[in-house]
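**Student:** A single structure is presented below for examination.
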Amino acid sequence: MGSGGLELPPGDEGREGGSTDVPPGAVSLARPMNAGAIGPQLEWDAEAWHEVRTRAQRAGRAYIWLNLVEQRLRAVVAAVLRPVYEPVHGDDWVVAAAGPAGQEWVQRAVAVREVSRRKGYLLDPADDNVLSFLTLPQLRELMVQHWPCFEPYVDERREVELALDELEVTRNVVSRNRALSEAVLNQAERAAARLLEVLGAGSDVPSTRRLPVDAVEDLVGDRYADVVAVHSDRVRLLRQFPAEDLFGSARRVDALGIGLNLLVQNFSGRRLLRLAEAGGRVRLLFLNPASSAIKRRERELGIKRGELSRAVEMNILHMRRVRARLRDPGAFEIQVFDETPRFTAYLVDGDGADGIAVVQSYLRRTRGMEAPVLVLRNGRNGGRVVKSDQTDEVGLFPTYREEFELMWADSRPVS
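First residue of the sequence shown: 7, per the numbering used here; consecutive thereafter.
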């Protein structure tokens, strides 16, 4: 007899009285299938594992952005509304600020807080307040209800609400552990970054005007020195970080390499001319097309003799034509070196805290277009990286900048 007063059917047919007849009122139970029959159906192939990892990565990135926005919005709400309600209502100022329209959700937050207290879920005393238990939509509701209080600090109400609308779509997907498309994730990241900027929490790294700081970079970037991006080849680099974004607003460009194709072939001479005429400085260091080093590189790549040297010579001639059109040729310097090329580097605004560098090592039998690419940011912690043990470690950016200066000093100018 079961707990509900219903009779359970017999188990195995082989037992005593193993009749297959089920008495009236009995509940029929499905017998477990043979484990061998289930096993193949439960296995995941490589494609299924790839899909679930992709989902987890996207959900993790979205969660970081949502958490940043929620924490910032919570701080803004506290800074604006606490001085208004706390003098009269004390610790219940959040309940008072919610008013009659928000009684239902604020009381639910109060109840969750009390349960968390009893069960020991509140590990940080700073979270022992009702405000910490409000969700993003509830924080938004407080802001909308008291907009006159926020207007002196946040004048773009429509922009705030539109960004929060976009984030609510992502929040709904992440909270229910559903698939998040790349398009929705990108939209959420843009909306979150814009909202943080409107709420006065934009990044203080100057180079973000050129290469926006990613939320993941901010949180775990110290694991990778000042490397902020890695691309398997230059094609993927330019897809994510076009030459216009890299060089377009530069005040200084220092480039070292064999032919400097990333700059010469992907950024127009007119744009370089305008950059130099606007007060910028350009220093280009090519491998000497007549050197023995370039002949060795041709043999490494397995290309015809003279093919690479002619390509480098054409790039140098193109840059000379750009320089010839300048009123101040000293702002646009071209030099060549004769040593074995070890890497190519493009240092943009490398003399300041907002510098960006694109670096590639030269690999045997691999063209520069196909070599892995590192993107470095000089602005993180003033060029130094604070690790978890609180010791400073010099990043890679100063290393390549110093190497460029040494190579420049040992090179010869092109007339």
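C-beta: ideal position from N, C-alpha, C; glycine also.
#1: Are Val-86 and Tyr-159 closer than 9 Å when you measure CB to CB?
#2: Please report the straight-line C-alpha distance between Gly-308 and Met-325, rounded to a whole angstrom.
#3: I need the straight-line Cα distance from Ala-249 to Leu-74, nearest angstrom please.
#4: From this set, Ala-107, Val-420 and Ala-65, which residue's C-alpha is nearest Ala-330's C-alpha?
#5: Arg-196 by DSSP, collapsed to three states: which one?
#6: What residues are listed by DSSP as bridge partners for Phe-273?
#7: For Gly-286, collect the residues of the same chain with a Cβ closer than 8 Å to its Cβ; drop the 5 residues on either side in sequence, then sort them by chain order.
#8: So for Val-420, helix, strand or coil by DSSP?
#9: How far does the beta strand (DSSP E) with Glu-289 in it extend, from its first residue to its last?
#10: Alpha carbons only, please: which of Thr-350, Asn-321 and Asn-178 is nearest the one belonging to Ile-340?
#11: What does DSSP give as the partner residues of Leu-369 in its beta bridges?
#12: Going by CA-CA distance only, name the one from Val-166, Ser-417, Phe-139 and Val-236 that's closest to Val-150.
#13: Bridge partners of His-324, per DSSP?
#14: Could you name the residues of the same chain whose beta carbon sits closer than 6 Å to that of Asn-384, not counting the 5 residues immediately before and after it, in chain order?
#15: Using a Cβ-Cβ cutoff of less than 6 Å, which residues in the same chain neighbour Leu-170 once the five nearest sequence positions on both sides are dropped?
#16: Buried or exposed: where does Glu-195 fall if 16 or more other Cβ atoms within 10 Å of its Cβ makes it buried?
#17: For Arg-418 and Ala-231, what's the separation of their Cα atoms in angstroms?
**Tutor:** In brief:
#1: The residue you call residue 86 lines up with position 80 of the sequence shown. The residue you call residue 159 lines up with position 153 of the sequence shown. Annotated as proximal: Val-86 and Tyr-159, with beta-carbon spacing under 9 Å.
#2: On the sequence shown, position 302 is the one that residue 308 refers to. On the sequence shown, position 319 is the one that residue 325 refers to. In a straight line, the C-alpha of Gly-308 is about 27 Å away from that of Met-325.
#3: Start at 1 with the first residue of the sequence shown, and residue 249 comes out as number 243. Start at 1 with the first residue of the sequence shown, and residue 74 comes out as number 68. Between Ala-249 and Leu-74, the C-alpha separation is close to 30 Å.
#4: Along the sequence shown, read from residue 1 onward, the residue named residue 330 stands at position 324. Ala-330 has its Cα closest to that of Val-420, out of Ala-107, Val-420 and Ala-65.
#5: As a position in the sequence shown, residue 196 is number 190, starting the count at 1. Helix at Arg-196.
#6: Here residue 273 refers to the residue found at position 267 of the sequence shown. Phe-273 pairs with nothing; no bridge assigned.
#7: As a working note, residue 286 is residue 280 in the sequence shown. Excluding sequence positions up to five before and after Gly-286, its CB lies within less than 8 Å of the CB of Ala-256, Arg-257, Arg-258, Val-259 and Ala-337, all in the same chain and listed in chain order.
#8: Indexing the sequence shown from 1 puts residue 420 at position 414. Coil at Val-420, not helix or strand.
#9: Counted from its first residue, the sequence shown places residue 289 at position 283. A quick correction: the sequence has Arg, not Glu, at residue 289. Looking at the DSSP string, the run of the beta strand (DSSP E) that includes Arg-289 is 287 to 293.
#10: Counting from 1 along the sequence shown, the entry for residue 340 is found at position 334. Closest in alpha carbon position to Ile-340, among Thr-350, Asn-321 and Asn-178, is Asn-321.
#11: Taking the sequence shown and counting its residues from 1, one reaches residue 369 at position 363. Partner(s): Thr-372.
#12: Along the sequence shown, one-based indexing puts residue 150 at 144. For Val-150, the closest C-alpha among the options Val-166, Ser-417, Phe-139 and Val-236 is that of Val-166.
#13: One-based indexing of the sequence shown puts residue 324 at position 318. Its beta-bridge partners do not exist; DSSP assigns none.
#14: Locating residue 384 in the sequence shown gives position 378, counting from the first residue. Answer for Asn-384: Gly-361 and Phe-403, listed in chain order.
#15: Taking the sequence shown and counting its residues from 1, the one referred to as residue 170 is at position 164. So the list reads Arg-146, once near-sequence residues are dropped.
#16: Reading the sequence shown from its first residue, position 189 is the one you call residue 195. Its Cβ being crowded by 16 or more others within 10 Å, Glu-195 is buried.
#17: Along the sequence shown, one-based indexing puts residue 418 at 412. Along the sequence shown, one-based indexing puts residue 231 at 225. Straight-line Cα distance between these residues: approximately 33 Å.
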